[in-house]
Amino acid sequence: MAAVAVLAFASPSVAAETGKTVGQSPSSFYLAQDTATMKCQIVESQPAGGTMKVVGAAHTTKASAEAAMKADKTCAK
C-alpha cells in the first residue's frame, strides 16, 4: 500500500519535467547571416526572418557551428 502512495505522488512530478532547466545547453546552434552586411554570427535560436537568414543546417555543437562559419565563403570577414 505504501508503494502505491509513493508512485501516486512521484509520477506527476516526473512527468512535469519537460522544459529546459537553468544552465542547460541549447539543443541547436545556427549560422545566421545579416543580408545587408553579409556578416555571420552564431545564434542559439533560428532567425525568424527579416534581415537575418540561416546559412546551412542547424548544428548540435557550438564548435560545429564555428567550423561552418570559418568554412563558409558567403560570410563577410
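Throughout the sequence shown, residue numbering follows mature numbering (1 follows the signal peptide of the UniProt record, and there is no 0), covering -15 to -1, 1 to 62 in sequence. C-beta: ideal position from N, C-alpha, C; glycine also.
The criterion of a C-beta distance shorter than 8 Å is not satisfied by F14 and T59. Spatial neighbours of A42 in its own chain (CB-CB distance under 8 Å, excluding positions within 5 residues in sequence) are not present.
Around the beta carbon of Q18, 16 or more other beta carbons sit within 10 angstroms, so the residue counts as buried. Look at K24 here: in three-state DSSP terms it is strand. When the alpha-carbon of G35 is set against those of Q26, A21 and S12, the nearest one is in A21. Of the other Cβ atoms in all chains shown, 16 or more fall within 10 Å of the Cβ of M54; this residue is therefore buried.
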